[in-house]
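Asks: So that we are looking at the same thing, I have put the structure below in structure tokens.
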Amino acid sequence: EGISASSFGIDYDAALQSGVDIYNWSLCGDAELPSPGWPAPGTGNTISFTTPVHCQTGGNPTVGGVAVLGYFYCAAYTPGTLRITRNPVTRAASVTNCAGAIDFIPVSFGICQRFGSVGFGMTGDNPCGRENLHGTCQFNCAVTGPIEVLSGQTGIEYSAVPGAGQLTWSIVGNGTFEGPTADQLTVHVTAGAPGQYTVKALFTGTLFPLSYCERTATVNDPVPVLPVTWTRLKALVPFRSGSLRIDDLSADPTNDTGLRDSH
Numbered sequence: 247e248g249i250s251a252s253s254f255g256i257d258y259d260a261a262l263q264s265g266v267d268i269y270n271w272s273l274c275g276d277a278e279l280p281s282p283g284w285p286a287p288g289t290g291n292t293i294s295f296t297t298p299v300h301c302q303t304g305g306n307p308t309v310g311g312v313a314v315l316g317y318f319y320c321a322a323y324t325p326g327t328l329r330i331t332r333n334p335v336t337r338a339a340s341v342t343n344c345a346g347a348i349d350f351i352p353v354s355f356g357i358c359q360r361f362g363s364v365g366f367g368m369t370g371d372n373p374c375g376r377e378n379l380h381g382t383c384q385f386n387c388a389v390t391g392p393i394e395v396l397s398g399q400t401g402i403e404y405s406a407v408p409g410a411g412q413l414t415w416s417i418v419g420n421g422t423f424e425g426p427t428a429d430q431l432t433v434h435v436t437a438g439a440p441g442q443y444t445v446k447a448l449f450t451g452t453l454f455p456l457s458y459c460e461r462t463a464t465v466n467d468p469v470p471v472l473p474v475t476w477t478r479l480k481a482l483v484p485f486r487s488g489s490l491r492i493d494d495l496s497a498d499p500t501n502d503t504g505l506r507d508s509h
């Protein structure tokens, strides 16, 4: 039988710039009953499909098939997991087939004591489903480049570790790109006024962002260069009174003027 409905919850670490963050949700089913705040951590949703399509266009999933309930736009600032939990409203994680039979997970899977998770930068877990779904969303996105630059500096190079999908660059703050950026693994930046800028790299697929990473640099004032001034020192040398002949202008070790006195 195909899948006609599912009820579940989600949980993840949504701390600022830490762990997994979901910033949008798109429904693939025909109707949903989300709990308040969905898709925040600790919320849930019940999603249903209209007969006879049930899932995606093209037919019903058969036994062992996959029903796409929807997809999340998400990013991981640090390694983390997006975990499936019980729906806080229905207090269950369940799947309903097209005949109306409901499987409450994990009750119907006696050996399964957890609902599964998707890993970002770490291994995910799919204990109840098909073996080939076990794994991780691990795209190893990273931006490399300096984090301390000088105002007015040019040709500052940033590179993205190759990921999956199309690469899009953006920059915010006191910096601008030099030259093309579309699908370039390496870009160059000119630093603006003192402050900060953030270079962002986004690898996108056909349906949703796959990997997002960024690097922030502090823009400092250039170190001032003081001009070197050479000053000619003039010494006032006293002479004793008396006449001075031209041929007496010779060194005299006893005379600190370097002149011989004819006195």
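FYI, the numbering for the sequence shown is 247 to 509, going by this note's numbering. Using N, Cα and C, we set each Cβ at its ideal position, and we do this for glycine too. In this text the structure is predicted, and so the values were computed from the model without any measurement.
Between the Cα of PHE254 and those of VAL418, ALA260, GLY421 and TRP284, spot the shortest distance and give me the residue it belongs to.
Replies: Stepping through the sequence shown from its first residue, residue 254 is reached at position 8. Nearest option by C-alpha distance: TRP284.
Asks: Run the CB neighbour count on VAL465, radius 10 Å, all protein chains shown included, and call it buried at 16 or more, exposed below.
Replies: If you number the sequence shown from 1, residue 465 lands on position 219. Buried, because 16 or more other Cβ atoms sit within 10 Å of the Cβ of VAL465.
Asks: For the beta strand (DSSP E) containing SER294, list its first residue and its last residue.
Replies: Taking the sequence shown and counting its residues from 1, one reaches residue 294 at position 48. Run containing SER294: 290–294, per the beta strand (DSSP E) assignment.
Asks: Between the stretch 318–328 and the stretch 264–283, are three or more C-beta pairs nearer than 8 Å?
Replies: Segments in contact, yes.
Asks: Considering only residues of the same chain and omitting the five flanking positions on each side of ALA339, which have a CB-CB separation below 6 Å?
Replies: Within the sequence shown, residue 339 is the residue found at index 93, counting from 1. For ALA339, where only same-chain residues beyond five positions count, the Cβ hits under 6 Å are PHE254, ARG332, ILE351 and PHE361.
Asks: Take the Cβ of ALA286 as the centre, count every other Cβ of all protein chains shown within 10 Å, and call the residue buried at 16 or more, exposed below.
Replies: Working through the sequence shown from its first residue, we reach residue 286 at position 40. With fewer than 16 other Cβ atoms within 10 Å, it is exposed.
Asks: Give the straight-line distance between the Cα atoms of THR400 and ALA437, rounded to the nearest whole angstrom.
Replies: What you label residue 400 is simply residue 154 of the sequence shown in a count that begins at 1. What you label residue 437 is simply residue 191 of the sequence shown in a count that begins at 1. Their backbone Cα atoms lie some 6 Å apart in a straight line.
Asks: Quick check on the burial criterion: 16 or more other C-beta atoms within 10 angstroms. Buried or exposed for VAL395?
Replies: By one-based count along the sequence shown, residue 395 stands at place 149. Per the 10 Å Cβ criterion, buried.
Asks: Using DSSP with H/G/I as helix, E/B as strand and the rest coil, what is SER416?
Replies: For this step, residue 416 is matched to residue 170 along the sequence shown. SER416 falls in the strand class under three-state DSSP.
Asks: So the beta strand (DSSP E) PHE366 belongs to, where does it begin and stop?
Replies: Position 120 of the sequence shown, counted from the start, is the residue given in the question as residue 366. Counting along the chain, the beta strand (DSSP E) containing PHE366 begins and ends at 363–366.
Asks: Please report the distance separating the alpha-carbon of GLN430 from that of LEU413.
Replies: Within the sequence shown, the letter at position 184 stands for residue 430. Within the sequence shown, the letter at position 167 stands for residue 413. Straight-line Cα distance between these residues: approximately 7 Å.
Asks: How about GLY419 and TYR443: are their beta carbons less than 8 Å apart?
Replies: Position 173 of the sequence shown, counted from the start, is the residue given in the question as residue 419. Position 197 of the sequence shown, counted from the start, is the residue given in the question as residue 443. Contact: yes.
Asks: Looking at THR289 and ILE256, is the spacing between their C-beta atoms short of 8 Å?
Replies: Locating residue 256 in the sequence shown gives position 10, where the first residue counts as 1. Locating residue 289 in the sequence shown gives position 43, where the first residue counts as 1. Result yes, Cβ atoms of ILE256 and THR289 sit closer than 8 Å.
Asks: Buried or exposed for THR369, please, with buried defined as at least 16 other CB atoms from any protein chain shown within 10 angstroms of its CB.
Replies: The count along the sequence shown starts at 1 and reaches residue 369 at position 123. Classification of THR369: exposed, given that the 10 Å Cβ count is below 16.
Asks: Have a look at SER281, TYR317 and THR327 and flag the residue whose alpha-carbon is nearest the alpha-carbon of ASN270.
Replies: Taking the sequence shown and counting its residues from 1, one reaches residue 270 at position 24. Closest option to ASN270, Cα to Cα, is TYR317.
Asks: Does the beta-carbon of SER250 have 16 or more other beta-carbons within 10 angstroms, so that it is buried, or is it exposed?
Replies: Here residue 250 is taken as the residue at index 4 of the sequence shown, counted from 1. Buried is the call here.
Asks: Tell me which same chain residues have a C-beta within less than 6 Å of the C-beta of CYS459, skipping the five on either side of it?
Replies: Working through the sequence shown from its first residue, we reach residue 459 at position 213. Cβ within range, chain order: CYS387, ALA388, VAL389 and ALA447.
Asks: Within 10 angstroms of its Cβ, does ALA406 collect 16 or more other Cβ (buried), or is it exposed?
Replies: Residue mapping note: residue 406 aligns to position 160 of the sequence shown, counting from 1. By the 10 Å Cβ count, ALA406 comes out buried.
Asks: Under the assumption that THR336 contacts TYR258 (Cβ atoms under 8 Å), give the Cβ distance between them as a whole number of angstroms.
Replies: As a working note, residue 336 is residue 90 in the sequence shown. As a working note, residue 258 is residue 12 in the sequence shown. Between TYR258 and THR336 the Cβ distance is about 20 Å, and since that is not below 8 Å, they are no contact.
Asks: Which partner residues of GLY275 appear in the DSSP bridge assignment?
Replies: By one-based count along the sequence shown, residue 275 stands at place 29. According to DSSP, GLY275 bridges with nothing at all.
Asks: Quick check on the burial criterion: 16 or more other C-beta atoms within 10 angstroms. Buried or exposed for LEU273?
Replies: Stepping through the sequence shown from its first residue, residue 273 is reached at position 27. Answer is exposed; the Cβ neighbour count stays below 16.
Asks: Among residues of its own chain, excluding the 5 on either side of GLU218, which ones have a beta-carbon nearer than 7 Å to its beta-carbon?
Replies: One cannot answer for residue 218 here, as it falls past the ends of the chain, which runs 247 to 509.
Asks: Rounded to a whole number of angstroms, what is the C-alpha to C-alpha distance between GLY381 and SER397?
Replies: Counted from its first residue, the sequence shown places residue 381 at position 135. Counted from its first residue, the sequence shown places residue 397 at position 151. Bear in mind that a pLDDT of 33 at GLY381, under 50, signals an unreliable position, so the number given afterwards is only what the model happens to contain. If you take the alpha carbons of GLY381 and SER397, they lie about 45 Å apart.
Asks: In terms of alpha-carbon separation, which member of ALA428, VAL364 and ILE393 lies closest to ARG461?
Replies: Position 215 of the sequence shown holds residue 461. Residue ILE393 is the option with its Cα nearest to ARG461.
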